[in-house]
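First up is the structure itself, then whatever we jot down about it.
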Amino acid sequence: MDIYSKRLPTIKQLQYFIAVCEELSFTGAAEKLGISQPPLSTQIKNLEETLQSTLFLRNSHNIVLTKDGEILKSKVSKLLSDLCAIVKSTKTNCPEEVIIGTTKTLSFDYIPFFKLFLSEFRDETKIYKHDYTSKELLFELQKGNIDFAIVSDYPGRDFSENSLLVYQEPMTLVLPTNHPCSQQNKVNLRDVTDLPLFWFKQYLNPFFYEQCEDVFNRLGKPIIRRAELADNLSMLLEVALGNGMMLLPQSMAQAKVDGVSYKKLINQQNDKLKINIYLIWRKNLKITPVNKAIIDFFTQV
159 MDIYSKRLPT
169 IKQLQYFIAV
179 CEELSFTGAA
189 EKLGISQPPL
199 STQIKNLEET
209 LQSTLFLRNS
219 HNIVLTKDGE
229 ILKSKVSKLL
239 SDLCAIVKST
249 KTNCPEEVII
259 GTTKTLSFDY
269 IPFFKLFLSE
279 FRDETKIYKH
289 DYTSKELLFE
299 LQKGNIDFAI
309 VSDYPGRDFS
319 ENSLLVYQEP
329 MTLVLPTNHP
339 CSQQNKVNLR
349 DVTDLPLFWF
359 KQYLNPFFYE
369 QCEDVFNRLG
379 KPIIRRAELA
389 DNLSMLLEVA
399 LGNGMMLLPQ
409 SMAQAKVDGV
419 SYKKLINQQN
429 DKLKINIYLI
439 WRKNLKITPV
449 NKAIIDFFTQ
459 V
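My numbering numbers the first residue of the sequence shown as 159 and each following residue consecutively.
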């Protein structure tokens, strides 16, 4: 076998293999890579067939590397590290950094797919320093201050060839732990209308606001709204005292506060209450190799 052999494994297969080695879990590896589990399992199966070797012993609970898997792991880790160094060293004419704005609506550090993107493109991209809403980021995009924006949707946005729907963020219900529904795995909003809901102004995200109103109007019971406070922590403390509830994007529901319980919504409501997240780029953006790679990364979601 030589370097031109079609029986050599692909870089993607080796990357997926290392992810499974590190997580010792196909579910954990898929989350780390920002993909679903089936394509990961397929790539690992193809790798084992290519090498004609079993790399993992697995059952419904555990994954263990075989002897061949351990040997491959040590060599592949070095190979991929060397490849990263080669790529970095060949960037003799370092292009101008691509500037990306991310909406403050979400916490991208807690979304595996976006964590993977920011990791893979950390040398080529720079995150816009301003803590802006989606609407503000679109203005910055129009002014040419940023190259890409990752934003939530709202009416009036131009659905054109320079945008991609890349993610749908589910909502998490935040309840006081002393509320009876805090003991349930999934909660129906109809059962928590005794609590006022901290809620945002319609103009901040009209599209999602109307989406939520459609769900609220089907409950049969009105939900009392309270104006949002200055920050999430203040509202979480109010929830802990039993003075209200919140609906937070899943990635924003990370703070551990005594007296607060995070709950999933029932499937019917969860499916309808998701925030659409788009990648948008300037209409006059020059399609350089890096810009194309960024668009391709999100296209393959």
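Heads up, the beta-carbon is just placed ideally off N, CA and C, and yes, glycines get one too. Fair warning: this is a prediction, and the values are worked out from it, not measured in the lab.
CB-CB length for residue i against residue j, believed under 8 Å
i, j, result
"Leu-191", "Ala-177", "5 Å"
"Ile-381", "Thr-335", "Contact doesn't hold; Cβ gap of about 20 Å is too wide."
"Ser-265", "Ser-409", "4 Å"
"Ile-424", "Val-324", "The Cβ separation is near 26 Å, so there is no contact."
"Thr-200", "Thr-212", "Rounded, the Cβ-Cβ distance is 16 Å, inconsistent with contact."
"Gly-417", "Leu-353", "The pair is not a contact, with the Cβ atoms about 13 Å apart (cut-off 8 Å)."
"Phe-175", "Leu-205", "6 Å"
For residue i, three-class secondary structure by DSSP
i, result
"Lys-432", "strand"
"Ile-452", "helix"
"Glu-180", "helix"
"Leu-299", "helix"
"Gln-342", "coil"
"Arg-165", "coil"
"Gln-412", "coil"
"Leu-443", "coil"
"Arg-348", "helix"
"Ser-321", "strand"
"Tyr-290", "coil"
"Pro-380", "coil"
"Ser-310", "strand"
"Leu-399", "coil"
"Ile-438", "strand"
For residue i, the nearest candidate out of the options (CA to CA)
i, options, result
"Leu-391", "Ile-381, Arg-376, Phe-374 and Gln-412", "Gln-412"
"Asn-303", "Gly-186, Leu-443 and Leu-331", "Leu-443"
"Asp-429", "Trp-439, Met-329 and Thr-457", "Met-329"
"Glu-180", "Ser-235, Asp-160 and Leu-209", "Ser-235"
"Asp-311", "Leu-213, Leu-353, Gln-360 and Thr-446", "Gln-360"
"Leu-322", "Leu-215, Leu-423, Ile-452 and Met-403", "Ile-452"
"Phe-356", "Gly-378, Gly-400 and Leu-377", "Gly-400"
"His-288", "Glu-282, Lys-273, Leu-274 and Ala-307", "Ala-307"
"Leu-182", "Asp-349, Gln-300 and Phe-214", "Phe-214"
"Cys-242", "Ile-169, Phe-366 and Ile-285", "Ile-169"
"Val-256", "Lys-284, Leu-238 and Lys-273", "Lys-284"
"Ile-445", "Asn-375, Ile-202, Pro-197 and Asp-305", "Asp-305"
"Val-332", "Ile-433, Tyr-420 and Lys-233", "Tyr-420"
"Pro-270", "Ser-194, Ile-438 and Leu-395", "Ser-194"
Beta-bridge pairing of residue i - partner residues as DSSP gives them
i, result
"Val-256", "Thr-283"
"Ala-385", "Trp-357"
"Pro-407", "Met-329"
"Lys-422", "Lys-344"
Closer than 7 Å: residue i CB and nearest the ligand COA heavy atom
i, result
"Phe-306", "This structure simply doesn't include the ligand COA, nor any ligand for that matter."
| query | When the Cβ atoms of the stretch 290 to 299 are set against those of the stretch 256 to 276, are three or more pairs found closer than 8 Å? | reply | yes
| query | If you pair each beta-carbon of the stretch 275 to 295 with each one of the stretch 210 to 229, do three or more pairs fall below 8 Å? | reply | no
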